[in-house]
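Data first, discussion second: the structure below is written as structure tokens.
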Amino acid sequence: MTRNPHVDVLRGAAIACVLLLHFALAFGLKDSPLATLFGPDFVRALVLNGNFGVTVFFVISGYLITANSLARWDSLARIDARAFYAARARRILPPLLLALAVIVALGCAGVPYFDNSDAEPALSASFFVLGVGSVLTFWHNVLMQSAGYFNYCLNIYWSLSVEEMFYLLLPPAGVLLRRTWLFVLLCAAAIVAGPLYRAHHADNELYFMYGYLACFDAIAIGCLTALLVRRLALPLPYARLLRWLACIVLAAVYLRGIHGHEALGFTWVALAAALFLLAAAGAPQDRSGIGAGPALAPLRWMGRHSYELYLFHIIVLALLRNMFERGDVAYAGRLPLLAGFVAASALVAFGAQRLFRSTGRSGSPGPA
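Numbering (our numbering), first residue to last: 1 to 368.
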């Protein structure tokens, strides 16, 4: 499939939200010029709801994986599982193994924020066997529900376990269900189950944010969007209007926040992201409005490098936390430190993508 700049912008915005969240948790942004300009409440809402960005990633993943599979095999029932899994492994594993190797090496050396000291009591280096194994076998989120937060760097890979489980299940689901309407029913079941599961676990973020059932509804919404795109072509003026409407809904739900909206907040984010994708699909080369123009070039770049940014930004942030104590970062120093963090993460992400592209071991340039 041809790259869609609007999808890259959406993906870039999603990874930017994740980077902002993790930086704010590490160093804070309420006591910064940003809060002076826009107010502490707005800054708090902007930076602390970054997990909604992960939900957007899930929608994009469901959409792109389904759309690419339909483009290649014409039907989900005809997916070649071996070819599908091989393509996913070529894309995911090389940079992931590098990131894991760095984390384990520094963690075993006892470097703070790389070791397993987040747990109470701290876990030994031998726990890396289970931790890394759970990342590579798609159940790190389940391990966290049992062990809690135990490794600053490793624990952000919970979302990769959700993605990988989707990759594992899609080919057999398509082949076994055969009929499109049965696949639609399966997606509908996931969409209904998600809010119910989150409502039941609303007092425990390890469940309402990280559980499979807490996330599969967003992926299912993305899958259904890909099916709908094959049957619905929006005229360009309507597509532009729908993109703007989707952005307004996304911004409103995002700033409203997660707290108090654990059950349906993620659903609204997923639906708004799906509307954006539906509109973007009808006009991939539309050079006006959202997704086009030089002003959004940085977001498009981040979207194209989002998987590597996801993997390596936490390593950069952990190194920064070893260099700077939160209390030692002055009011005027927080935004320059944020800029340095984003720039360093982008440089590492660019290098990682170039490395694995040059060795021929990386597939498409997006996380999905």
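Beta carbons: idealized from backbone N, C-alpha and C, even for Gly. These figures come from a predicted structure and were not determined experimentally.
Using a threshold of 7 Å, state whether the C-beta atoms of residue i and residue j are closer than that.
{"i": "L277", "j": "Y63", "result": "yes"}
{"i": "Y157", "j": "H140", "result": "yes"}
{"i": "A279", "j": "R243", "result": "yes"}
{"i": "F356", "j": "P94", "result": "yes"}
{"i": "L227", "j": "A246", "result": "no"}
{"i": "A81", "j": "P195", "result": "no"}
{"i": "P35", "j": "V43", "result": "The sequence shown places Ala at residue 35, rather than the Pro named in the question. Closer than 7 Å, so yes."}
{"i": "R321", "j": "A16", "result": "no"}
{"i": "A193", "j": "L213", "result": "yes"}
{"i": "E163", "j": "S61", "result": "yes"}
{"i": "M165", "j": "L206", "result": "no"}
{"i": "V59", "j": "G222", "result": "yes"}
Grab the span of the alpha helix (DSSP H) containing residue i for me, first residue to last.
{"i": "F138", "result": "Premise fails: F138 is in no alpha helix (DSSP H) and is neither H nor E."}
{"i": "V322", "result": "Sequence inspection shows Asn at residue 322; the Val mentioned does not correspond to that position. Element bounds for N322: 306-323."}
{"i": "I191", "result": "180-200"}
{"i": "T66", "result": "51-73"}
{"i": "A251", "result": "236-256"}
{"i": "E262", "result": "Neither: E262 is in no alpha helix (DSSP H) and is coded neither H nor E."}
{"i": "G39", "result": "Element bounds for G39: n/a, residue is neither H nor E."}
{"i": "V162", "result": "158-177"}
Kindly list the residues whose CB is nearer than 6 Å to the CB of residue i, restricted to its own chain and excluding five residues on each side of it in sequence; keep chain order.
{"i": "A220", "result": "C187, A190, I191"}
{"i": "P367", "result": "Below a pLDDT of 50, predicted positions are generally treated as unreliable, and P367, at 44, falls in that range; the measurement from the model is reported next regardless. Answer for P367: S306, Y307, listed in chain order."}
{"i": "V249", "result": "A272"}
{"i": "F128", "result": "V104"}
{"i": "L100", "result": "V132"}
{"i": "R198", "result": "F208, A214, E262, A263"}
{"i": "Y113", "result": "Y152, A318, R321"}
{"i": "A14", "result": "G53, V56, F57"}
Within 7 Å (strictly less), CB to CB, does residue i reach chain D?
{"i": "V316", "result": "The chain inventory of the structure shown lacks chain D, comprising one protein chain alone."}
Let me know if residue i comes out buried or exposed under the rule of 16 or more other beta-carbons within 10 Å of its beta-carbon.
{"i": "R11", "result": "buried"}
{"i": "W181", "result": "exposed"}
{"i": "L70", "result": "buried"}
{"i": "F312", "result": "buried"}
{"i": "A109", "result": "exposed"}
{"i": "A147", "result": "buried"}
{"i": "R88", "result": "buried"}
{"i": "R91", "result": "buried"}
{"i": "G174", "result": "buried"}
{"i": "R304", "result": "buried"}
{"i": "G293", "result": "exposed"}
{"i": "D217", "result": "buried"}
{"i": "L106", "result": "buried"}
{"i": "F52", "result": "buried"}
{"i": "T225", "result": "buried"}
Which same chain residues, not among the five before or five after residue i, have their C-beta less than 8 Å away from its C-beta?
{"i": "A122", "result": "D115, N116"}
{"i": "S124", "result": "N116"}
{"i": "S161", "result": "S134, V135, F138, W139, H140, N141, V142"}
Can you tell which of the options has its C-alpha closest to the C-alpha of residue i?
{"i": "F57", "options": "H200, M302, D203", "result": "M302"}
{"i": "N151", "options": "G174, I103, L160", "result": "I103"}
{"i": "P5", "options": "A344, L347, A281", "result": "A281"}
{"i": "T267", "options": "A81, L100, V54", "result": "V54"}
{"i": "A77", "options": "T66, L48, A86", "result": "T66"}
{"i": "H261", "options": "G107, L136, A202", "result": "A202"}
{"i": "C153", "options": "V329, A346, F23, R3", "result": "F23"}
{"i": "A297", "options": "V142, G107, D8", "result": "D8"}
{"i": "G50", "options": "E205, A263, V18", "result": "V18"}
{"i": "I258", "options": "L234, L232, N204", "result": "N204"}
{"i": "S345", "options": "V329, I315, K30", "result": "I315"}
{"i": "R371", "options": "G28, N68, P40", "result": "Look at the range of the chain in this structure, 1 to 368, and you will see that residue 371 is not part of it."}
If I measure Cβ to Cβ from residue i and keep anything under 7 Å in the same chain, skipping five residues before and after, which residues do I get?
{"i": "S32", "result": "Y331, R334, L335"}
{"i": "H200", "result": "none"}
{"i": "L317", "result": "H22, F23, A26, F341"}
{"i": "V348", "result": "F312, V316"}
{"i": "F183", "result": "L76, A173, G174, L177"}
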